[in-house]
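Undergrad:
Protein chains in written order, with our numbering: chain A, 3 to 300; chain B, 13 to 267.
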């Protein structure tokens with residue numbers, strides 16, 4: 003195939019779609035009106051918005067939100083893989099533990115879990131390491147010093163995330179043809195090796211799109227940590243607004259940064275989809291192909 | 013018995029639930045022998061093949077490969093289940109080729125071939141690649157190493173699968189209907205590779221519907237039906253002059 007034109011090439015005049023244009027114009031117009039109404043509203047003080055948009059404290063809080071998201075997502079995903087493997091294993095104890103865990107953490111509101119971890123110090127005032135039911139205690143510390151609000155928040159978010167992501171990972175593993183594990187077995191690969199090198203890389207293709215969703219949910223759910231006084235973006239902006247009473251303006255500031263962060267954090271997804279899609283779609287095969295070709299060998 | 017036995021199956025029984033698929037298969041395969049297993053679908057031939065490398069756990073009988081009991085340890089008092097790692101070690105010495113190829117789609121042809129030698133046997137990558145190149149050349153695919161399975165035809169995929177199995181230097185090769193999923197014009201290339209392999213002295217057990225291949229390459233043909241061995245002999249005995257009525261009607265239906 004080439005760009006050369008042949009006499010019998012189909013050079014058709016494209017079908018017209020007038021309603022697409024009409025609907026687009028109407029929608030753009032409505033959107034413009036809405037933005038204008040906000041902008042022109044005497045109830046929103048633009049100076050306050052622009053003043054706090056790049057305020058140092060707000061930016062730092064946005065940074066904390068990203069850190070919380072990434073750390074909780076990382077821990078949550080690792081736990082999720084372990085839970086998914088447990089749920090798929092033939093060991094009845096592991097299966098039951100995983101099912102119980104998933105049931106519990108999906109069955110209670112995230113807000114409740116965040117508050118629970120924040121209040122851990124009320125249930126267990128101290129954390130002791132020693133032999134139970136004896137006086138042997140090697141290490142003891144006040145719970146509030148170990149489970150600071152930040153630690154409690156990260157634990158709450160990751161444990162909850164693990165329960166949801168476990169089902170995503172499990173679905174991904176199940177989506178891989180059983181012949182793959184069989185071929186791996188027949189070559190003498192153990193189950194751990196098979197999972198790591200053969201099954202999970204193929205499962206990733208199915209796992210990544212819903213995990214992108216989870217990532218964005220997580221970013222927004224960090225705002226729940228406001229209730230245990232973690233100074234993330236939402237907590238910081240509402241703290242500021244409680245002082246200057248510019249609630250709407252600071253909501254606009256927070257909303258702006260959330261939107262920026264979710265947009266930026268969506269980019270790695272397409273990279274990962276390409277990476278794990280290799281061998282599956284023609285487009286990614288091509289890029290890999292060229293790369294291999296240039297290197298000369300494998 | 014002239015040559016040592018590669019496979020020694022004694023009264024193998026296998027059930028899936030209440031459905032008994034193998035009803036006592038006894039079969040000995042000598043080293044270097046090429047045996048073709050024929051039979052109608054549902055006769056248990058694929059299941060028997062999968063019992064040999066313990067992809068299926070047998071319910072009765074004893075199965076030895078190269079003198080070693082597969083999947084179990086036999087002591088004087090009882091037989092014990094083997095650890096998964098020990099079973100994996102046994103499997104690594106038996107190559108298997110599947111009807112649907114089962115190549116790893118996320119790896120290129122050459123990566124498919126080197127994965128197990130590096131990961132299971134611990135061979136260095138450079139040595140594994142050299143060997144994989146030779147193997148791919150021997151199956152006529154020296155220029156396809158960088159291709160993903162999806163970029164190869166069925167026949168090419170199956171030849172990569174054969175190279176992948178051979179890369180582990182198996183002492184026994186099992187073929188589970190290796191050409192059944194192929195377009196007719198691609199069957200020949202795969203059978204050529206298998207013919208070469210047979211001539212090189214590899215012990216092979218081939219479940220197939222290719223009567224022509226069985227007649228030409230096999231040292232021995234076994235016909236199975238309903239979970240039992242119905243007829244066992246040289247190709248000319250079983251294919252050309254079958255004694256059993258079931259064998260006769262099967263051969264007539266596929267010829």
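Built from N, CA and C at the ideal position, the CB exists for glycine as well.
1) Going along the chain, which unbroken runs of the alpha helix (DSSP H) with 4 or more residues stay wholly within the stretch 88–112 of chain A?
2) Where in the stretch 192–224 of chain B do unbroken runs of the beta strand (DSSP E), each at least 3 residues long, occur, reported from the N-terminal end onward?
3) With residue 268(B) and residue 191(B) assumed to form a contact (beta carbons below 8 Å), what rounded beta-carbon distance in angstroms separates them?
4) Does chain B have any CB closer than 7 Å to the CB of residue 177(A)?
5) What residues are listed by DSSP as bridge partners for residue 115(B)?
6) Starting from the beta carbon of residue 243(A), find every residue of chain B whose beta carbon is closer than 9 Å, and list them in chain order.
7) When you compare each of 167(B), 185(B) and 172(B) to residue 196(B) by their alpha carbons, which one comes out closest?
8) Just the C-alpha distance for residue 256(B) and residue 63(B), rounded to the nearest angstrom, thanks.
9) Using a Cβ cut-off of 7 Å (strictly closer), state whether residue 108(B) contacts chain A.
10) Just verifying my parser: in three-state terms, what is the DSSP assignment at residue 149(A)?
11) Nearest chain B C-beta to residue 281(A) closer than 7 Å, yes or no?
12) How would you call residue 257(A), buried or exposed, if buried means at least 16 neighbouring beta carbons within 10 angstroms?
13) List the DSSP bridge partners of residue 18(B).
14) Considering Cα atoms alone, identify which of 170(B), 200(B) and 230(B) is closest to residue 211(B).
15) Work out the CA separation of residue 162(A) and residue 201(B) for me, nearest whole Å.
16) Can you tell me whether residue 263(A) is helix, strand or coil according to DSSP?
17) Roughly how many whole angstroms lie between the Cα atoms of residue 288(A) and residue 113(B)?
18) If I follow the unbroken alpha helix (DSSP H) through residue 36(A), where does it start and stop?
19) Going by DSSP, what residue range makes up the beta strand (DSSP E) through residue 40(B)?
20) Take the Cβ of residue 113(A) as the centre, count every other Cβ of all protein chains shown within 10 Å, and call the residue buried at 16 or more, exposed below.
21) Can you check whether the C-beta of residue 298(A) is within less than 7 Å of a C-beta belonging to chain B?
22) Hey, is the stretch 160–174 of chain A in contact with the stretch 146–155 of chain B, meaning 3+ C-beta pairs nearer than 8 Å?
23) How would you call residue 299(A), buried or exposed, if buried means at least 16 neighbouring beta carbons within 10 angstroms?
24) Got a sec: which bits of the stretch 91–118 of chain B sit with their beta carbon under 7 Å from any beta carbon on chain A, in order along the chain?
25) Over the uninterrupted beta strand (DSSP E) stretch that includes residue 107(B), give me the two end residues.
26) Between the stretch 147–169 of chain B and chain A, which residues of the former have CB atoms less than 9 Å from a CB of the latter, in chain order?
27) Return no unless some Cβ of chain A is closer than 7 Å to the Cβ of residue 31(B).
28) Whole angstroms is fine: what's the gap from residue 93(A)'s alpha carbon to residue 266(B)'s?
29) Which residue comes first and which comes last in the beta strand (DSSP E) that contains residue 92(B)?
30) Give me the chain A residues within the contact set of residue 131(B), using Cβ-Cβ distance strictly less than 8 Å, ordered along the chain.
31) Does any residue of chain A have a CB that is nearer than 7 Å to the CB of residue 71(B)?
32) Which same chain residues end up closer than 8 Å to residue 148(B) when comparing Cβ atoms and leaving out the 5 residues on each side of it in sequence?
33) Would you tell me roughly how many angstroms separate the C-alpha atoms of residue 77(B) and residue 138(B), rounded to the nearest one?
34) What do you get for residue 259(A), buried or exposed, if any count of 16 or more other CB atoms within 10 angstroms of its CB means buried?
35) For a test of the three-state rule: what should DSSP assign to residue 46(A), helix, strand or coil?
36) What residues match up with residue 235(B) in a beta bridge as DSSP calls it?
TA: Short version:
1) Contiguous alpha helix (DSSP H) elements confined to the stretch 88–112 of chain A occur at 94–109, taking only those with 4 or more residues.
2) Counting only runs of 3 or more, we get 215–219.
3) Absent from the structure is residue 268(B), since the part of chain B shown begins at 13 and ends at 267.
4) no
5) Residue 115(B) pairs with nothing; no bridge assigned.
6) Within chain B, no residue comes near residue 243(A); the closest Cβ sits about 50 Å away, beyond 9 Å.
7) 167(B)
8) 26 Å
9) At least one chain A Cβ lies under 7 Å of residue 108(B).
10) Per DSSP, reduced to three states, the secondary structure at residue 149(A) is coil, with no helix or strand assignment.
11) yes
12) exposed
13) Its beta-bridge partners do not exist; DSSP assigns none.
14) 230(B)
15) Straight through space, the alpha carbons of residue 162(A) and residue 201(B) are spaced by roughly 54 Å.
16) helix
17) Because residue 288(A) carries a pLDDT of 45, less than 50, the predicted location of this residue cannot be relied on, and the following value inherits that uncertainty. So the alpha carbons of these two residues sit roughly 23 Å apart.
18) 20–42
19) 31–42
20) Counting Cβ neighbours within 10 Å, residue 113(A) comes out exposed, since fewer than 16 surround it.
21) Only weak support exists for where residue 298(A) lies, its pLDDT of 39 falling under 50; the coordinates are left without a value.
22) The way I'd put it, the stretch 160–174 of chain A doesn't touch the stretch 146–155 of chain B; fewer than three beta-carbon pairs between them come closer than 8 Å.
23) Low per-residue confidence applies at residue 299(A): pLDDT is 40, beneath 50, and the placement is therefore not dependable, though the value from the model is reported in the following sentence. Residue 299(A) should be labelled exposed.
24) 96, 97, 100, 101, 103, 104, 108, 110, 112, 114, 116, 117 and 118
25) 106–109
26) 157, 158, 159, 160, 161, 162 and 163
27) no
28) 45 Å
29) Per DSSP, residue 92(B) belongs to the beta strand (DSSP E) from 91–93.
30) 191, 195 and 199
31) no
32) 121, 122, 125, 154, 156, 157, 172 and 175
33) Between the alpha carbons of residue 77(B) and residue 138(B) lies a gap of roughly 31 Å.
34) buried
35) coil
36) 50(B) and 243(B)
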